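First comes the structure, then the notes that go with it.
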Amino acid sequence: MKQINMDDLIQRVMDELSKKTGEVIHFPEQKVRGVENPHNLEALERAMARTPARIGIGRAGTRMKTTSYLQFRIDQAAAHDAVMKTISPEWLQRLQLPELHSRATSMQEYLMNLDSGRLLSDESVRWLEQHGDKGKDVQIVISDGLSTSACEATIPDLLPALQQGLAMRNISVGKPVFIHKGRVWIQDQVAKIVNCKVVISLIGERPGLATAESLSAYMIYKPDAHTVESDRTVISNIHRGGTLPIEAGAYLAELLEDILKHQASGVKYMQLRAQNS
331 MKQINMDDLI
341 QRVMDELSKK
351 TGEVIHFPEQ
361 KVRGVENPHN
371 LEALERAMAR
381 TPARIGIGRA
391 GTRMKTTSYL
401 QFRIDQAAAH
411 DAVMKTISPE
421 WLQRLQLPEL
431 HSRATSMQEY
441 LMNLDSGRLL
451 SDESVRWLEQ
461 HGDKGKDVQI
471 VISDGLSTSA
481 CEATIPDLLP
491 ALQQGLAMRN
501 ISVGKPVFIH
511 KGRVWIQDQV
521 AKIVNCKVVI
531 SLIGERPGLA
541 TAESLSAYMI
551 YKPDAHTVES
561 DRTVISNIHR
571 GGTLPIEAGA
581 YLAELLEDIL
591 KHQASGVKYM
601 QLRAQNS
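Each residue of the sequence shown is one higher than the one before, counting from 331 in my numbering.
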């Protein structure tokens, strides 16, 4: 039997693939209705417009249609990449963000050991103690969290809007910092080191198949050793298909002003706000 040359075989496959460039499937931004003759077209289109869920995709026999299946795999790959890829150095340089690190030395450790992302590395603690802006009203923390894509897609619009909104309200702000592989609780340690009144963490959410670019904002007023999750105020679903980044920045500035006014966040803030309304 004739010996197969693997290099020749690979080249033949690549040549064949290059002939099919005209058959590339382009996926539209808007969802495509896969059900050809729905019983109630108006109801289906209304439902599809109101949710990012995969409804009305149709089927071929007992399976999804090819386009729907490929879109599913594309979104699945995007979600995986959002978690595993590292933030772009050029992106950090463009925003001029100082870089700090959690104690997680790898993504595997970050995912498997939650505590590793909740504390700063010793080197980052020393840097923040020496160079962090102390005694400000607000300290902004940005972290890739579980979605680098969320940071890269939303922060360039959100951060300037937030800073401008705080400046208009005469609220003092420490220089924003970026923390690699940080979790929400790391904001408590940051607040203690810089002695700010409120710390806000802008952190990438766990990606789903609807979007891999969703960001959340966690705020807490003067965290201490007795802080619990209900002490945090959270605004989530910040992305181009949810709350737009620019709008979120403006709203967060307004919310931070109110948190400072009531000297509380989380459940306590909502209770005080209800009493004063």
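Where a beta carbon is used, it is the ideal one built from N, C-alpha and C, also for glycine. This one's a predicted model, so the numbers in the text were calculated from it and none came from an experiment.
Residue i versus the options, residue with shortest Cα-Cα distance
i: residue 546; options: 436, 464 and 581; result: 581
i: residue 477; options: 465, 384 and 534; result: 534
i: residue 494; options: 373, 583, 519 and 591; result: 583
i: residue 536; options: 391, 474 and 506; result: 474
i: residue 549; options: 585, 398 and 420; result: 585
i: residue 393; options: 365, 424 and 460; result: 365
i: residue 434; options: 567, 454, 424 and 427; result: 454
i: residue 590; options: 467, 370 and 497; result: 467
i: residue 499; options: 588, 388, 440 and 391; result: 588
i: residue 388; options: 439, 501 and 368; result: 368
i: residue 573; options: 420, 441, 483 and 429; result: 483
i: residue 553; options: 575, 578, 529 and 576; result: 529
i: residue 421; options: 600, 565, 577 and 508; result: 508
i: residue 436; options: 396, 416, 424 and 423; result: 416
i: residue 397; options: 375, 601, 380 and 363; result: 363
i: residue 643; options: 401, 607 and 445; result: Nothing can be reported for residue 643: it is not among the residues displayed for the chain, which extend from 331 to 607.
i: residue 465; options: 391, 522 and 371; result: 522
i: residue 639; options: 445, 429 and 439; result: What the structure shows of the chain is the stretch from 331 to 607, and residue 639 is not part of that stretch, so it cannot be assessed.
i: residue 497; options: 371, 443 and 579; result: 579
Contact belief for residue i with residue j at Cβ below 8 Å, rounded distance in angstroms
i: residue 431; j: residue 527; result: Not really, about 25 Å apart at Cβ, beyond 8 Å.
i: residue 595; j: residue 562; result: 6 Å
i: residue 462; j: residue 524; result: 4 Å
i: residue 551; j: residue 593; result: 6 Å
i: residue 480; j: residue 543; result: 5 Å
i: residue 471; j: residue 418; result: So it is not a contact: roughly 19 Å between Cβ atoms.
i: residue 427; j: residue 506; result: 6 Å
i: residue 469; j: residue 520; result: 6 Å
i: residue 373; j: residue 385; result: No, residue 373 and residue 385 are not in contact; Cβ-Cβ is about 11 Å, not under 8 Å.
i: residue 575; j: residue 568; result: 6 Å
Residue i, enclosing alpha helix (DSSP H) - first and last residue
i: residue 583; result: 575-592
i: residue 454; result: 452-461
i: residue 524; result: 516-524
i: residue 439; result: 437-442
i: residue 384; result: Note, residue 384: premise wrong, no alpha helix (DSSP H); not H, not E.
i: residue 426; result: Premise fails: residue 426 is in no alpha helix (DSSP H) and is neither H nor E.
Residue i - partner residues in DSSP beta bridges
i: residue 393; result: 390
i: residue 504; result: 469
i: residue 600; result: For residue 600, which the question treats as bridged, DSSP gives no partner whatsoever.
i: residue 528; result: 468 and 551
i: residue 510; result: 431
i: residue 534; result: 545
Range of the contiguous beta strand (DSSP E) that encloses residue i
i: residue 567; result: 563-568
i: residue 486; result: Looking at the DSSP string, residue 486 is not in any beta strand (DSSP E); the run it does join, the alpha helix (DSSP H), is 478-498.
i: residue 471; result: 468-473
i: residue 609; result: The requested residue 609 does not occur in the structure, where the chain is confined to residues 331 to 607.
i: residue 545; result: 545-551
i: residue 430; result: 429-431
Residue i beta carbon near the ligand SAH (any heavy atom closer than 7 Å)
i: residue 484; result: As presented, the structure is devoid of all ligands, the ligand SAH included, so that no description of it is given.
Open item on the list: Across the stretch 512-523 and the stretch 549-559, are there enough close Cβ pairs to call them in contact, namely three or more that are closer than 8 Å?
Closed with: yes
Open item on the list: Across the stretch 482-500 and the stretch 443-451, are there enough close Cβ pairs to call them in contact, namely three or more that are closer than 8 Å?
Closed with: Not touching, per the Cβ criterion.
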